[in-house]
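Q:
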Amino acid sequence: MVAGEAVVLRPSLRNAIRLERRPGSFAGVIAKIMEGSLETACAILRDNARVTDQQALDALPSLQEPLLAYVAACAGLDASDRKLDADKGESVPFREYLESLYRIGTGWLGWSPAVTLDATPAEITEAYKGRVDFLRAIFGASEPDKQPEPKSVSEKFRAVFKSVGTTVVKRPIRKARKAA
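Going by the numbering used here, 133 is the number at position 92 of the sequence shown; the sequence numbering is gapless.
1. Alpha carbon to alpha carbon, how far is E46 from A100? Give it in angstroms, no decimals.
2. Can you name the start and end residues of the alpha helix (DSSP H) that V112 belongs to?
3. Would I17 be called buried (16 or more neighbouring beta carbons within 10 Å of its own) or exposed?
4. Starting from G65, trace the alpha helix (DSSP H) in both directions and tell me its first and last residue.
5. Under 8 Å by Cβ, that's how I've got P154 and A114 pegged, so tell me the actual separation to the nearest angstrom.
6. Give me the Cα-Cα distance between Q95 and S78, rounded to the nearest whole angstrom.
7. Put T166 into one of helix, strand or coil per three-state DSSP.
8. Determine the contact status of A168 and G146, defining contact as a CB-CB distance below 9 Å.
9. So, with DSSP's three-state summary, where would you put V173?
10. Should A97 and A82 be called a contact, given that it needs their Cβ atoms to be closer than 9 Å?
11. Taking all protein chains shown into account, decide if E61 is buried (16 or more other Cβ within 10 angstroms of its Cβ) or exposed.
12. Using a threshold of 9 Å, state whether the C-beta atoms of L150 and R172 are closer than that.
This is the structure:
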């Protein structure tokens with residue numbers, strides 16, 4: 042919520058490309074969000090809604106979590122994915138990953154550049170999987186030729202947060218004390 046209104050952050054490929062082009066790519070954006078950067082928050086919000094600097098400043102304390110989730114979605118990460126470690130793939134720089142999504146949208150799927158840039162990385166990926174399944178059903182191939190996929194979602198997530206100095210802290214489980 043910004044200025045009492047819900048702001049919908051759409052992690053389109055266009056917005057993902059904008060974030061990747063910022064200094065430090067996605068890792069730099071994540072670091073800035075974690076630092077509470079008003080400039081970064083405003084840049085992200087302006088890509089999605091009409092928000093003044095004062096409105097963003099007022100909402101800044103409550104924006105960190107939604108902005109981090111938005112950046113993750115722009116990077117093609119799905120925090121709700123329960124099988125994060127299941128798929129292993131080749132490591133690719135985010136720029137190349139986003140370019141491959143554009144090629145898939147405009148090439149494999151036959152979408153216009155505008156439609157491709159308005160789609161989210163998750164939508165492009167799912168549409169591509171559907172297209173491959175469709176072609177497999179028509180031509181009867183047992184296994185489609187796989188395009189090299191980027192590293193798994195969890196590996197990308199770890200790499201981004203590791204690059205900004207984030208560490209995982211495992212807290213010991215405390216046993217409940219019995220009341221006397």
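Don't be surprised by glycine CBs; every beta carbon is placed ideally from N, CA and C.
A: In this structure, then:
1. 11 Å
2. D94 to C115
3. Any question about residue 17 goes unanswered here, given that the chain covers just 42 to 221.
4. No alpha helix (DSSP H) holds G65; DSSP gives it neither H nor E.
5. No, P154 and A114 are not in contact; Cβ-Cβ is about 21 Å, not under 8 Å.
6. 13 Å
7. helix
8. yes
9. helix
10. yes
11. buried
12. yes
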